[in-house]
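2 protein chains.
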Amino acid sequence: MANYNIGMDNVNRTGLGELIRQQRVAIPLTLQELAGLSGTSPSHLGRVERSERFPSARILRKLAKPLGFGENELFTLAGYLSPQPSATSEAQPSYGGGQLDPYVSRVLAQEPVETQRAVIGILSILKSIAKSTAQERH
Amino acid sequence: MANYNIGMDNVNRTGLGELIRQQRVAIPLTLQELAGLSGTSPSHLGRVERSERFPSARILRKLAKPLGFGENELFTLAGYLSPQPSATSEAQPSYGGGQLDPYVSRVLAQEPVETQRAVIGILSILKSIAKSTAQERH
DNA sequence: ATTGACATTTGCCATTTGGCTAATTATAAT
DNA sequence: ATTATAATTAGCCAAATGGCAAATGTCAAT
């Protein structure tokens, strides 16, 4: 008659694996390399990425730097932390609004400025293509 | 011949239990009450307090509010977070060669993170193509 | 097609975590 | 002192976590 913890925590663990994988291949790293850099095992990371296992905070912390995440960022994504403690009134719960992904930032910053500009040029072209394609579909 | 993680993490788990107990009795709460408030079990909390078990992030998160800790505070104490996170990512040039063009940054930041990542994914593809092309040319 | 070098996944296992129940230990109240 | 009652601890167990080794998948070069 005790039953202290019925049901799910409201922990957002959806898609965390995918996100980690996306980040890893974007860098790009193999599972083994990431395992090496983070001091974990490739097999476990593989399972984490395809959501067969949920990573503990210890693992998450080890993954943060090699993947270019801020320390608490992965924790937030994993649902261990509520979204953005320090923020006063921005706080988009879905993490999408006006934030530049730290890894993206880091990578781009290493390119010459013309390349950076070319990249967003390509992006805007792709977006307009996508837009007109969507319109054709009626 | 693999051995990815020998030895201890440099996680500060010393005295965390004592600290939790001090806080609990200071409030004051019994183990059962705290267990009730946090949705955990008194037996486990007892063991945590006398450091027979180390609490997972999930438990820590549940304990934070009833004990009057800030969300990330217990995480820091537990060694899951390094002291003084605060800085949310971005803007710290601490690493990397160049600067990110502010206009580029602004435009990209308005895209969802997947798009941001896709963009640098495309960039890396283009770079590898360029590289191999250059090699073929000699 | 075959080999060889990597990368990923799977099988299996040890360790940890955390809950329930029961036992023990404090704390009052007669 | 002796119960009654509450609080803590200990015994046990199921589930989860994460590592290693072996199997499988992939891909380029022969």
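From first to last, the protein sequence lines stand for chains A and B. The opening position of the first sequence corresponds to residue 1 in our numbering, with each subsequent residue numbered one higher. The opening position of the second sequence corresponds to residue 139 in our numbering, with each subsequent residue numbered one higher. Positions of the beta carbon are idealized from the N, C-alpha and C atoms, including for glycine. Please read all numbers here as calculations on a predicted model, not as lab measurements.
Contact set between B:Ser194 and chain A, taken where Cβ atoms lie within less than 8 Å: Along the second sequence, read from residue 1 onward, the residue named residue 194 of chain B stands at position 56. The contacting residues are Ser56 and Ala57.
Would a C-beta distance cut-off of 8 Å place B:Leu205 and B:Gln161 closer than the cut-off? Taking the second sequence and counting its residues from 1, one reaches residue 205 of chain B at position 67. Taking the second sequence and counting its residues from 1, one reaches residue 161 of chain B at position 23. Result yes, Cβ atoms of B:Leu205 and B:Gln161 sit closer than 8 Å.
C-beta atoms of B:Val257 and A:Val119 nearer than 8 Å: In the second sequence, counting from the first residue as 1, residue 257 of chain B sits at position 119. In the first sequence, counting from the first residue as 1, residue 119 of chain A sits at position 119. Contact flag set, yes.
Taking A:Ser51 as the reference, which of A:Ile20, A:Gln116 and A:Val104 has the closest Cα? By 1-based counting over the first sequence, the position of residue 51 of chain A is 51. Residue A:Ile20 is the option with its Cα nearest to A:Ser51.
Take B:Ala195 as the anchor and find which of A:Glu73, A:Lys62, A:Tyr80 and A:Arg53 has the nearest alpha-carbon. Stepping through the second sequence from its first residue, residue 195 of chain B is reached at position 57. Selected option, being the one with the closest Cα: A:Tyr80.
In chain B, which residues lie with their C-beta within 8 Å of the C-beta of A:Pro122? On the first sequence, residue 122 of chain A is found 122 positions in, with the first residue counted as 1. Before going on, a small fix: residue 122 of chain A reads as Ile here, not Pro. Here the neighbours are Val257 and Ile260.
So which residues of chain B does A:Val107 contact, with C-beta pairs closer than 7 Å? Within the first sequence, residue 107 of chain A is the residue found at index 107, counting from 1. Those are Ile258, listed as they occur along chain B.
Closest Cβ-Cβ distance between B:Val251 and chain A: below 8 Å? Stepping through the second sequence from its first residue, residue 251 of chain B is reached at position 113. True, the Cβ-Cβ gap to chain A drops below 8 Å.
Could you spell out where the alpha helix (DSSP H) holding A:Glu52 opens and where it closes? Against the first sequence, residue 52 of chain A aligns to sequence position 52. No alpha helix (DSSP H) contains A:Glu52, which DSSP labels as neither H nor E.
Roughly how many angstroms separate the alpha carbons of A:Ala26 and B:Glu156, rounded to a whole number? Taking the first residue of the first sequence as 1, we reach residue 26 of chain A at position 26. Taking the first residue of the second sequence as 1, we reach residue 156 of chain B at position 18. Cα-Cα distance, rounded: 43 Å.
Identify the continuous alpha helix (DSSP H) that holds A:Leu60 and give its terminal residues. To locate residue 60 of chain A, count along the first sequence from 1; it is residue 60. The continuous alpha helix (DSSP H) containing A:Leu60 extends over residues Ala57 to Leu67.
C-alpha gap between A:Arg106 and B:Ala216, whole angstroms: Here residue 106 of chain A is taken as the residue at index 106 of the first sequence, counted from 1. Here residue 216 of chain B is taken as the residue at index 78 of the second sequence, counted from 1. C-alpha separation (whole angstroms): 29 Å.
Strictly under 8 Å for the Cβ-Cβ distance: is A:Leu29 near chain B by that measure? Locating residue 29 of chain A in the first sequence gives position 29, where the first residue counts as 1. With 8 Å as the cut-off, A:Leu29 does not count as an interface residue toward chain B.
Against chain B, with Cβ distances strictly below 8 Å, would A:Leu100 count as a contact? Reading the first sequence from its first residue, position 100 is the one you call residue 100 of chain A. By this cut-off, A:Leu100 is an interface position.
Rounded to whole angstroms, what's the CA-CA distance from A:Gly70 to B:Leu175? Just pull it up for me. Counted from its first residue, the first sequence places residue 70 of chain A at position 70. Counted from its first residue, the second sequence places residue 175 of chain B at position 37. For A:Gly70 and B:Leu175, the distance between alpha carbons rounds to 31 Å.
Please confirm whether A:Arg61 has its beta-carbon closer than 8 Å to some beta-carbon of chain B. Numbered from 1 along the first sequence, position 61 holds the residue referred to as residue 61 of chain A. It does: the Cβ of A:Arg61 has a partner Cβ on chain B nearer than 8 Å.
What three-state label does DSSP hand B:Glu171 in the structure shown? In the second sequence, residue 171 of chain B corresponds to position 33, counting from 1. If DSSP states are grouped into helix, strand and coil, B:Glu171 belongs with the helices.
Would you call the CB atoms of B:Pro193 and B:Val186 closer than 8 Å? On the second sequence, residue 193 of chain B is found 55 positions in, with the first residue counted as 1. On the second sequence, residue 186 of chain B is found 48 positions in, with the first residue counted as 1. Closer than 8 Å, so yes.
Grab me the residues of B:Thr301's own chain with a C-beta within less than 7 Å of its C-beta, minus the 5 sequence neighbours each way, in chain order. Nothing in the structure corresponds to residue 301 of chain B, since chain B is present only between 139 and 276.
By Cβ distance below 7 Å, which residues in the same chain neighbour A:His44 in space, the five residues on each side in sequence not counted? For the purposes of this step, residue 44 of chain A is identified with residue 44 of the first sequence, where counting begins at 1. Same-chain partners within the cutoff: Arg53.
Which of the three DSSP states, helix, strand or coil, is assigned to A:Gly79? Here residue 79 of chain A is taken as the residue at index 79 of the first sequence, counted from 1. Looking at A:Gly79 - three-state DSSP - the assignment turns out to be coil, as it is neither helix nor strand.
Could you pull the start and end residues of the alpha helix (DSSP H) that B:Gly155 belongs to? Residue numbering aside, residue 155 of chain B sits at position 17 when the second sequence is read from its first letter. B:Gly155 -> alpha helix (DSSP H) spans Leu154 to Ala164.
Collapsed DSSP secondary structure at B:Leu183 in the structure displayed: Looking up residue 183 of chain B in the second sequence gives position 45. Correct three-state label for B:Leu183: helix.
Name the chain A residues that come within less than 7 Å of B:Val242, Cβ to Cβ? Working through the second sequence from its first residue, we reach residue 242 of chain B at position 104. In chain order: Leu108, Gln116, Arg117 and Ile120.
Any idea if B:Gln254 is buried or exposed, counting beta-carbon neighbours within 10 angstroms, 16 or more meaning buried? Reading the second sequence from its first residue, position 116 is the one you call residue 254 of chain B. The residue in question, B:Gln254, is buried, as its Cβ has 16 or more Cβ neighbours within 10 Å.
Of the residues B:Glu211, B:Lys203 and B:Ser220, the one placed nearest B:Ala173, counting alpha carbons only: Position 35 of the second sequence, counting from 1, holds the residue named residue 173 of chain B. Taking only the C-alpha atoms, the option nearest B:Ala173 is B:Lys203.
If you reduce the DSSP assignment to three classes, tell me which class A:Val119 lands in. For the purposes of this step, residue 119 of chain A is taken as residue 119 along the first sequence, with counting starting at 1. Here A:Val119 sits in helix by DSSP.
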